[in-house]
Ligand code: TRP
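Residue numbers (the working numbering): 649 to 982.
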């Protein structure tokens with residue numbers, strides 16, 4: 649038990665989780681929980697950095713994302729699910745870490761830089777948003793995680809975490825924190841239904857784990873394919889075609905997918921037939937997830953009890969880490 653490698657991951661609860669989350673990270677988490685000691689965090693504090701004007705939305709999404717976790721197969725007997733804001737030690741550690749990173753370094757963090765541009769913050773960029781990678785370093789290290797299963801967009805966060813903890817260990821001459829690595833899946837990111845680089849709620853191109861079967865059919869039938877594939881008899885483009893990317897990610901029948909690719913490339917396979925097949929594949933994948941979601945949703949009190957138990961367990965470890973941090977810094981006064 650004690651010697652298992654520690655894993656920590658999390659998501660901002662700002663909306664329901666989608667197939668991109670599954671491919672990028674959830675699938676790995678379901679696998680990792682059998683061998684590792686895994687913490688899964690509902691990152692409500694991070695969600696507030698750009699939703700501080702709507703804490704009620706974040707609060708509601710905490711329960712929804714917890715349901716998504718349970719639905720997808722994150723097993724509370726194996727993984728520890730907890731709420732970030734209920735671990736004050738994370739905020740405490742963040743404060744100490746803030747001294748170990750420059751404002752210039754934060755401004756250069758590629759993930760944050762992209763987000764700042766996308767959200768068009770301009771002069772209204774808050775200190776809280778700019779420094780959220782430091783808070784994320786505290787999330788990861790408060791339980792001394794060594795592995796973080798995430799999509800590739802999170803790599804700069806892992807790098808920044810290691811920079812901070814290396815500095816901590818060197819400066820305070822203590823071996824408090826281990827190095828952390830990212831676990832990036834083979835398909836690091838799923839395209840959106842519109843063919844855009846990334847599936848995301850804000851781009852409106854997502855298929856959610858909680859979408860019902862009809863919604864999935866509608867979304868798939870409206871999917872972007874090869875714009876030059878006009879007549880059924882025309883040869884179609886497989887590469888870069890989101891329908892095939894989804895099939896690669898979700899159809900366990902690899903031979904069938906290859907057959908469809910060959911047929912599409914030759915010509916004679918229409919988009920409608922192909923999309924109907926994809927919708928069926930996705931609904932087969934999603935159905936057990938929906939069933940589990942429905943079961944857990946019936947007893948929300950039980951879901952909150954699971955999250956509460958996970959939070960208490962995390963606090964215990966967090967308290968121990970903070971004690972070591974303070975001893976290393978020689979500020980453990982008593
Ligand atoms: N930044 C992550 C996201 O936007 C969420 C997150 C917060 C996280 N803290 C984390 C992920 C710690 C992994 C580890 O999805």
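Idealized CB from N, CA, C, for every residue including glycine.
Any non-hydrogen atom of ligand 1 closer than 7 angstroms to residue i Cβ
| i | result |
| --- | --- |
| residue 837 | no |
| residue 748 | no |
| residue 784 | yes |
| residue 689 | yes |
| residue 656 | yes |
| residue 698 | no |
| residue 871 | no |
| residue 779 | no |
| residue 734 | no |
| residue 942 | no |
| residue 787 | yes |
| residue 805 | yes |
| residue 589 | This structure cannot speak to residue 589, because the chain is shown only from 649 to 982. |
| residue 660 | yes |
| residue 760 | no |
Straight-line Cα distance separating residue j from residue i
| i | j | result |
| --- | --- | --- |
| residue 725 | residue 864 | 31 angstroms |
| residue 930 | residue 860 | 11 angstroms |
| residue 908 | residue 764 | 41 angstroms |
| residue 921 | residue 817 | 58 angstroms |
| residue 947 | residue 953 | 10 angstroms |
| residue 965 | residue 980 | 17 angstroms |
| residue 649 | residue 827 | Only weak support exists for where residue 649 lies, its pLDDT of 48 falling under 50; the value from the coordinates is given anyway. Using only the alpha carbons, I get a separation of about 20 angstroms. |
| residue 655 | residue 814 | 19 angstroms |
| residue 679 | residue 906 | 26 angstroms |
| residue 821 | residue 653 | 23 angstroms |
| residue 927 | residue 899 | 11 angstroms |
| residue 771 | residue 944 | 43 angstroms |
| residue 938 | residue 925 | 20 angstroms |
| residue 870 | residue 739 | 44 angstroms |
| residue 701 | residue 886 | 44 angstroms |
| residue 940 | residue 951 | 12 angstroms |
| residue 957 | residue 670 | 25 angstroms |
| residue 895 | residue 834 | 15 angstroms |
| residue 718 | residue 704 | 22 angstroms |
| residue 775 | residue 873 | 42 angstroms |
| residue 711 | residue 736 | 20 angstroms |
Residues that DSSP places opposite residue i in a beta bridge
| i | result |
| --- | --- |
| residue 666 | 856 |
| residue 689 | 658 and 730 |
| residue 797 | 831 |
Test item: CB-CB of residue i and residue j under 8 angstroms
| i | j | result |
| --- | --- | --- |
| residue 784 | residue 709 | no |
| residue 766 | residue 722 | no |
| residue 786 | residue 748 | no |
| residue 664 | residue 858 | yes |
| residue 672 | residue 796 | no |
| residue 976 | residue 728 | no |
| residue 969 | residue 734 | no |
| residue 806 | residue 667 | no |
| residue 801 | residue 713 | no |
| residue 883 | residue 914 | yes |
| residue 657 | residue 706 | no |
| residue 789 | residue 809 | yes |
| residue 746 | residue 791 | no |
| residue 838 | residue 903 | no |
| residue 676 | residue 831 | yes |
| residue 918 | residue 878 | no |
| residue 732 | residue 685 | no |
| residue 716 | residue 777 | no |
| residue 754 | residue 720 | no |
| residue 730 | residue 973 | no |
| residue 923 | residue 891 | yes |
| residue 804 | residue 757 | yes |
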